[in-house]
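Residue 11 is where the sequence shown starts when you use the working numbering, and the numbers rise one by one after that.
Note that the Cβ used here is the ideal one computed from N, Cα and C, for glycine as well.
Remember, it's a predicted structure, so these values are computed and weren't measured experimentally.
Report on the following structure.
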Amino acid sequence: MIKINNIELYLEEEKEDLVRKAAKMLKISEEEIREIRIVKESVDARKEPLKFVYSILVRTEREQEVLRKARHRNVSFYEEKEPEKVMPGSEKLGVRPVVVGLGPSGLFTALKLAEEGYRPLVIERGQEIEKRDRAVDLFMEKGILDTSSNIQFGEGGAGAYSDGKLTTRIKDIRVREVLEKLIEAGAPEEISFQAKPHVGTDLLKDVVKSIRERIIALGGEVRFETKLEDIEVKNGKVVSITANKEKIPCEVLVLALGHSARDTYDMLFDRGFTMIAKSMAVGVRVENLQWRINESQYGSVHLNPKLKAAEYSLTAKAKDARGVYSFCMCPGGLVVPASSEEGMLAVNGMSYHARDGRNANSAVVVSVTPADYGPHPLNGIRFQRALEKKAFQMGGANYHAPVQKVEDFLEGRISTSFGEVLPSYMPGVKFADLGALFPSAITQALKTGLTEFDRKIKGFTGHGAIMTGVETRTSSPVRIVRDESLQSAQVRGVYPAGEGAGYAGGIISSAVDGLKIAEAVISKYQPLDI
């Protein structure tokens, strides 16, 4: 096919106009175009007039002749690369592989293994999506926390309740496979070409359920409310696991734990797995009215129905060189309770597919490193817990969240009333001094960053913008060390995977890492014949 980059459409134009513009660039008639496929769509609002920018694939007759005739810098030949087929290895498995965790990494590891005939057993400490939804609703409505099934744990992992963002910086060919599998499971086709694709929490729930059902249909097994409690190792190899007090024989164990399985990290450390502390980020959620973000990003045409709820991505540097940045921005979304342990409070953000809520929210976080909390592998978790305990007390020790107007935070005073922005967090909020929540260096970095962000988005810190604490689950605070074979450096047969193991960040990169793990297992072992 022929690829054309940077085709522009203005708001008054329709997607059908792509055919006309493509024909003009290729110097052929519209009738000679057999097929057009959009591979990327983005919005360019840097200057007026705002426009959509597309990359497309075009199929015509005599493509080489057309290319020679076109001679345009944005026109090139395109040949779709196919991923290499992984051939099964020669070693035999006595028992099926075990995958721990049904977030993006575990889900795609298990799906790939099931498709290739390995019939994996998946264990997930949380509940299936229907029950998990009820547990989350109960927490949001009444502040009753289920520590096993919540916004962190359960079918779909933490990503299922954070908008289903599919933006990634990685250039791995497996990204296409992940998107195709999501679309097959019910995700909208637009995720294949949007510059910043998302599914939405409401749709993603059905998508992950569909993938789980396919794993089972292909011979896999999924056990919910089943927690990994121990790993038995003999002669440097995994031989069994214990889950819900049941001993399960195991030769291949995929640890797709997610970034919040703190008790499991403790167990792995006690069992001698090499782990290292890694950098992460902590901060708050900031809410603005979505229409103000739209206006700031789109300008005078922000009410045009063709434009979706606007996003932003902001970065700054504090005086001590710490990075301050927006993270997991949720247009038209909600701030949600992300706690997974009693007596601790953490928040996250989510949006539904329509992104039609009143508020925009994003984490505004500050980089922290082992220099802030010490080199011990579990010190990052201790640092997170200390902040979450403090936030829990600040909110009233009932899972209400501490909040403060951004302008009051910058001035060092506790808020006494709301402005035009009403917090979306449930089960409730309480005014507090969020400056006292963090170590002084982080508080100062947040003030510097927010002030800088206000220069980039006029009014970002004004109009009653609200900040809610505390955001601590931006990424895993540890890395479980693995070697070139993707296995644990100490225990053969154990494959640390995804964000929880410290090898990914976000849904897509976690899913891709899951595919890599599955390929490593496939290349080593034969499919099961039991």
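In this chain, P380 is not harboured by any beta strand (DSSP E); it is covered by the alpha helix (DSSP H) spanning P380 to Y383. A straight-line Cα-Cα distance of about 30 Å links A205 and H473.
Within the stretch 260 to 316, the alpha helix (DSSP H) runs of at least 4 residues that lie entirely inside it are, in chain order, 272 to 280 and 300 to 308. Bridge pairing for G445: absent [DSSP].
Ranked by how close their Cα comes to the Cα of R69, the residues I201, L117 and A33 have A33 in first place. Proximity to G516 across D273, H208 and I38 peaks at H208, based on C-alpha coordinates.
Taking 4 residues as the shortest admissible run, the stretch 419 to 504 contains the following complete alpha helix (DSSP H) segments, listed from N- to C-terminal end: 450 to 466. Closest in C-alpha terms to G282, from the list I532, R44 and A499, comes A499. By the criterion of at least three beta-carbon pairs nearer than 8 Å, the stretch 432 to 439 is in contact with the stretch 397 to 414.
Inclusion of F402 and L355 in the CB contact set at 8 Å is warranted, their separation being smaller than that value.
For the pair of segments examined, the stretch 378 to 391 was found not to touch the stretch 333 to 341: the number of CB pairs separated by less than 8 Å stays below three.
For V68, the pairing in a beta bridge is given by DSSP as I12 and I46. The bridge partners DSSP lists for A370 are N298.
With respect to the C-alpha of P259, the residue from R492, R106 and V378 having the closest C-alpha is R106.
For M339, the secondary structure class from DSSP, reduced to helix, strand or coil, is strand. For I241, the enclosing beta strand (DSSP E) starts and ends at L238 to K244. At a Cβ-Cβ threshold of 8 Å, S158 and R144 do not count as neighbours. A residue is called buried when at least 16 other Cβ atoms come within 10 angstroms of its Cβ; T325 does not meet this threshold and is exposed. Between the stretch 289 to 296 and the stretch 358 to 372, the count of C-beta pairs closer than 8 Å reaches three or more; the two stretches touch. In this structure Q137 does not touch G99 by the C-beta definition: roughly 35 Å separates them, more than the 8 Å allowed. Taken in chain order, the complete beta strand (DSSP E) segments of 3 or more residues contained in the stretch 186 to 227 number zero; there are none. Taking 8 Å as the cut-off, the beta carbon of A197 is found closer than this to the beta carbon of L213.
Non-local C-beta neighbours of K219 in its own chain, meaning closer than 6 Å and more than five positions away in sequence, comprise I139, ordered along the chain.
Around the CB of Y308, 16 or more other CB atoms lie within 10 Å, so the residue is classed as buried.
Residue pairing from DSSP places V375 in a beta bridge opposite G293 and Y335. Under DSSP, R233 takes part in a beta bridge, and its partners are I133. Under the DSSP definition of a beta bridge, M404 lacks any partner. In the three-state reduction of the DSSP assignment, N389 falls in the helix class, which pools H, G and I. By the beta-carbon neighbour count (other beta carbons within 10 angstroms, threshold 16), F87 is exposed.
Under the Cβ criterion (8 Å, minimum of three pairs), the stretch 517 to 529 counts as touching the stretch 114 to 129. Buried is the label assigned to K175, since at least 16 other Cβ atoms lie within 10 Å of its Cβ. When DSSP assignments are scanned along the stretch 97 to 142, the uninterrupted stretches of beta strand (DSSP E) that are 3 or more residues long and fall wholly within it turn out to be 108 to 110 and 131 to 134. Contact check for D240 against M277 passes: the beta carbons are separated by less than 8 Å. Below 8 Å, too few C-beta pairs join the stretch 485 to 503 and the stretch 167 to 187 to call them touching: fewer than three. Taking 8 Å as the cut-off, the Cβ atoms of M150 and P315 do not count as close.
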